[in-house]
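Step one of this worksheet: look at the structure below.
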Amino acid sequence: MIKVIFFAALREQLGSSGTEISAKCASTVAEVKDALGKKDQGWKNYLANNSLLCAVNHQMVQGDFSVKAGDEVAFFPPVTGG
Amino acid sequence: MIKVIFFAALREQLGSSGTEISAKCASTVAEVKDALGKKDQGWKNYLANNSLLCAVNHQMVQGDFSVKAGDEVAFFPPVTGG
Amino acid sequence: MNIDTVMNKYAEISIQTEDFDHGYEVNLLESDNVEDGAVVTFSGRVRNNNLGLKVKGLFLEHYPDMTEKLLAEIIQTAKTRWNIGRVKVIHRIGQLAIGEQIVFVGVTSKHRQDAFAANEFIMDFLKVKAPFWKKELTELGETWLEAKNSDKEKAQAWSK
Amino acid sequence: MNIDTVMNKYAEISIQTEDFDHGYEVNLLESDNVEDGAVVTFSGRVRNNNLGLKVKGLFLEHYPDMTEKLLAEIIQTAKTRWNIGRVKVIHRIGQLAIGEQIVFVGVTSKHRQDAFAANEFIMDFLKVKAPFWKKELTELGETWLEAKNSDKEKAQAWSK
Numbered sequence: 000m001i002k003v004i005f006f007a008a009l010r011e012q013l014g015s016s017g018t019e020i021s022a023k024c025a026s027t028v029a030e031v032k033d034a035l036g037k038k039d040q041g042w043k044n045y046l047a048n049n050s051l052l053c054a055v056n057h058q059m060v061q062g063d064f065s066v067k068a069g070d071e072v073a074f075f076p077p078v079t080g081g
Numbered sequence: 000m001i002k003v004i005f006f007a008a009l010r011e012q013l014g015s016s017g018t019e020i021s022a023k024c025a026s027t028v029a030e031v032k033d034a035l036g037k038k039d040q041g042w043k044n045y046l047a048n049n050s051l052l053c054a055v056n057h058q059m060v061q062g063d064f065s066v067k068a069g070d071e072v073a074f075f076p077p078v079t080g081g
Numbered sequence: 102m103n104i105d106t107v108m109n110k111y112a113e114i115s116i117q118t119e120d121f122d123h124g125y126e127v128n129l130l131e132s133d134n135v136e137d138g139a140v141v142t143f144s145g146r147v148r149n150n151n152l153g154l155k156v157k158g159l160f161l162e163h164y165p166d167m168t169e170k171l172l173a174e175i176i177q178t179a180k181t182r183w184n185i186g187r188v189k190v191i192h193r194i195g196q197l198a199i200g201e202q203i204v205f206v207g208v209t210s211k212h213r214q215d216a217f218a219a220n221e222f223i224m225d226f227l228k229v230k231a232p233f234w235k236k237e238l239t240e241l242g243e244t245w246l247e248a249k250n251s252d253k254e255k256a257q258a259w260s261k
Numbered sequence: 102m103n104i105d106t107v108m109n110k111y112a113e114i115s116i117q118t119e120d121f122d123h124g125y126e127v128n129l130l131e132s133d134n135v136e137d138g139a140v141v142t143f144s145g146r147v148r149n150n151n152l153g154l155k156v157k158g159l160f161l162e163h164y165p166d167m168t169e170k171l172l173a174e175i176i177q178t179a180k181t182r183w184n185i186g187r188v189k190v191i192h193r194i195g196q197l198a199i200g201e202q203i204v205f206v207g208v209t210s211k212h213r214q215d216a217f218a219a220n221e222f223i224m225d226f227l228k229v230k231a232p233f234w235k236k237e238l239t240e241l242g243e244t245w246l247e248a249k250n251s252d253k254e255k256a257q258a259w260s261k
């Protein structure tokens with residue numbers, strides 16, 4: 000399984016702090032997004048937001064980054080700390 | 000009279016924290032220096048140091064600055080605070 | 102939730118719900134450290150207004166583990182660019198009221214220019230890289246803050 | 102000798118023999134001030150070495166009245182250049198031991214960039230304009246410090 004987590008505004012939009020998907024459903028970050036969008040049209044719309052960022056195992060990555068079973072994939076809006 | 004004061008290394012070199020000279024002896028800062036140098040060859044040498052700074056009534060000035068009775072003229076080395 | 106990640110004696114990162122004591126942190130940075138004559142600190146607090154809206158408070162969320170990793174990377178980069186001594190970064194999370202402290206960055210150095218530059222660098226990259234998100238409670242309700250272009254530009258300016 | 106020149110609520114200068122409390126000063130800058138989210142402080146202490154020589158202590162002399170006037174001018178200039186709130190400058194005089202605090206500059210602002218720049222500006226001009234002189238007590242005896250070219254260049258860089 001791939002662990003997927005959401006933060007901040009995205010977490011509230013999706014009404015979920017995270018889920019899991021089978022590693023068979025996705026081999027890249029972009030495919031993780033597609034797989035999540037198939038579950039729910041609302042999710043699909045929110046995940047289509049171009050400003051969303053993605054980290055795999057705590058490292059910032061782009062959509063073509065490969066994922067595998069056991070990875071932690073996080074989606075979140077641009078950061079606003081400090 | 001013109002009040003003349005010295006600070007830091009210059010004060011120690013002259014062995015004096017200050018003196019007074021008659022306003023008749025000097026009409027500019029450079030003339031104050033000359034007048035002080037006439038009293039003592041040692042003073043003359045130390046006051047000839049080009050890096051010395053001068054303030055009249057707490058304002059930084061150059062050698063051609065005019066002085067008058069009641070003024071406070073200060074000579075000191077470049078500052079090293081902070 | 103209170104995570105203390107002590108990297109080593111010379112760089113410490115703390116993400117915490119609790120408030121911090123500015124004077125205590127400066128004393129720590131200076132204690133047993135007579136090599137570094139300069140200490141520069143930045144501290145940020147919750148302002149009472151933002152973009153003209155009256156603010157009542159903030160909620161701060163973060164991505165545990167990743168935050169510490171990102172901040173450690175920023176500090177390491179600062180250490181390669183400037184001759185600095187100790188670094189402490191504190192960032193609070195959770196619910197914060199007006200006037201409360203949010204963030205502290207303290208940097209020591211032998212010469213003041215290094216501490217000033219490194220501190221501002223760390224803050225500029227914390228703003229655009231560290232996974233924190235602020236939700237603002239204003240007179241018009243709750244809103245997640247949007248990232249500012251000006252912050253992105255400040256961070257980019259360091260690579261010029 | 103302890104001279105306290107309170108200019109007004111938003112800029113205070115203190116030349117003093119006594120030590121100061123960093124945390125207390127930051128609290129003062131922040132108290133009753135929820136407009137300014139950012140506080141940048143600089144503090145300088147007596148280092149244990151200078152130019153390779155082991156330092157035992159410092160003696161600091163200044164030109165009373167002129168010091169306060171010069172510092173007030175520097176702060177006023179900073180206020181015309183940046184959008185800053187409160188400013189506090191403390192400078193100690195007299196005999197200081199290794200590790201003791203010498204100088205504190207605290208600046209508040211709405212946006213951090215202003216506080217960083219104004220604080221460094223004030224320090225850079227304090228260094229080259231304010232009539233303080235340091236005598237260093239080293240293993241080789243007492244020496245009045247020489248002004249540094251690097252300090253002059255830093256101050257000049259602000260007018261570029």
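Residue numbers (the numbering used here), protein chains in the order written: chain A, 0 to 81; chain B, 0 to 81; chain C, 102 to 261; chain D, 102 to 261.
All C-beta atoms in this analysis are idealised placements derived from N, C-alpha and C, irrespective of residue type, glycine included.
To which residues of the same chain is residue i closer than 8 Å at the C-beta, ignoring the five residues directly before and after it?
i, result
"C:Gly195", "Met102, Thr118, Phe160 and Leu161"
"A:Tyr45", "Leu9, Gln12 and Leu13"
"B:Asp33", "Ala25"
So with Cβ pairs under 8 Å, would you call residue i a contact of chain D?
i, result
"B:Val78", "yes"
"B:Ala54", "yes"
"B:Phe6", "yes"
"C:Ile176", "no"
"C:Ala248", "no"
"B:Phe64", "no"
"C:Lys255", "yes"
"B:Phe74", "no"
Could you say which of the options lies nearest to residue i if we only look at CA atoms?
i, options, result
"D:His212", "C:Lys228, C:Val188 and C:Ser210", "C:Lys228"
"B:Ala68", "B:Ala8, B:Cys53 and B:Ile20", "B:Ile20"
"C:Glu237", "C:Gln177, C:Glu174, C:Ile175 and C:Asn149", "C:Asn149"
"C:Asp120", "C:Lys180, C:Ile203, C:Gly186 and C:Val141", "C:Ile203"
"D:Glu174", "D:Lys235, D:Gly145, D:Glu126 and D:Ala112", "D:Ala112"
"C:Ile116", "C:Asp133, C:His163 and C:Lys249", "C:His163"
"A:Asp70", "A:Ala47, A:Ala54 and A:Gln40", "A:Ala54"
"D:Phe143", "D:Glu126, D:Ala258 and D:Thr178", "D:Glu126"
"D:Asn128", "C:Glu201, C:Lys249, C:Glu221 and C:Ala256", "C:Glu201"
"D:Ala256", "C:Gln214, C:Thr178 and C:Gly124", "C:Gln214"
"A:Met81", "C:Ser260, C:Lys180 and C:Asn220", "As written in the sequence, residue 81 of chain A is Gly, which differs from the Met given in the question. Residue C:Asn220 is the option with its Cα nearest to A:Gly81."
What does DSSP give as the partner residue(s) for residue i in the beta ladder?
i, result
"C:Leu161", "C:Gly195 and C:Lys235"
"D:Ala173", "DSSP lists no partner for D:Ala173."
"D:Val188", "D:Ala112 and D:Val208"
"D:Asn151", "D:Leu154"
"A:Ala53", "Sequence inspection shows Cys at residue 53 of chain A; the Ala mentioned does not correspond to that position. Beta-bridge pairing links A:Cys53 to A:Val60 and A:Phe74."
"D:Thr244", "D:Glu237"
"D:Gly145", "C:Ala139 and D:Val204"
Excluding the 5 residues preceding and the 5 following residue i in the sequence, name in chain order all residues of the same chain whose CB lies nearer than 6 Å to its CB.
i, result
"D:Ile114", "Thr106, Glu169, Leu172 and Val190"
"C:Thr209", "Leu130, Asp137, Val140, Gly186 and Arg187"
"B:Thr18", "Val3"
"C:Thr244", "Glu237"
At the 8 Å Cβ level, is residue i part of the contact set with chain C, yes or no?
i, result
"D:Ser144", "yes"
Please tell me whether residue i has its Cβ less than 8 Å away from any Cβ of chain A.
i, result
"C:Ala231", "yes"
"C:Ala112", "no"
"C:Trp183", "no"
Let me know if residue i comes out buried or exposed under the rule of 16 or more other beta-carbons within 10 Å of its beta-carbon.
i, result
"A:Gly62", "exposed"
"A:Leu35", "buried"
"C:Leu246", "buried"
"D:Lys242", "The sequence as given places Gly at residue 242 of chain D; Lys does not occur at that position. Exposed: under 16 other Cβ atoms inside 10 Å."
"D:Gly153", "exposed"
Please confirm if residue i has its CB atom under 8 Å from at least one CB of chain B.
i, result
"D:Asp166", "yes"
"D:Trp245", "yes"
"D:Leu227", "yes"
"D:His123", "no"
"D:Thr106", "Since pLDDT at D:Thr106 reaches only 46, below the 50 mark, its modelled position is unreliable, and the value read off the structure follows with that caveat. So no, D:Thr106 is outside the interface."
Starting from the C-beta of residue i, find all residues in its chain whose C-beta is less than 7 Å away, skip the five residues before and the five after it, and write them out in chain order.
i, result
"D:Leu197", "Val147, Gly158, Leu159, Leu161 and Ile203"
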